[in-house]
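Numbering (my numbering), first residue to last: 1 to 86. Idealized CB from N, CA, C, for every residue including glycine. None of the values given here were measured: they were computed from a predicted structure. Single-structure report; data block below.
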């Protein structure tokens, strides 16, 4: 039977701006030319393999320090900012 689930864990995330600083902070590579089929773009090493993403997408960091990319549109529909306590 199909059931509905909700995520309850929080994540750390920041929007990728294409800067060299962010490329050094995460395992990101820029591929100016991959093949005739794939356009130039950014690639993030994840637990599941290399993940292509774009400037403006979010890079999330999990509990164990793993990273993955989330498309901007999906991130903004799925996550909300947790207010920090003072």
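Cβ separation of residue i and residue j, assumed to be a contact under 8 angstroms, to the nearest whole Å
i, j, result
"residue 55", "residue 20", "13 angstroms between Cβ atoms; not a contact."
"residue 13", "residue 59", "6 angstroms"
DSSP three-state assignment for residue i, whether helix, strand or coil
i, result
"residue 12", "strand"
"residue 75", "helix"
"residue 63", "coil"
"residue 1", "coil"
Reference residue i; option with closest CA among the options
i, options, result
"residue 48", "3, 75, 68, 41", "68"
"residue 7", "83, 84, 78", "78"
"residue 81", "18, 10, 65", "10"
"residue 76", "63, 65, 57, 84", "57"
"residue 32", "4, 2, 3, 52", "52"
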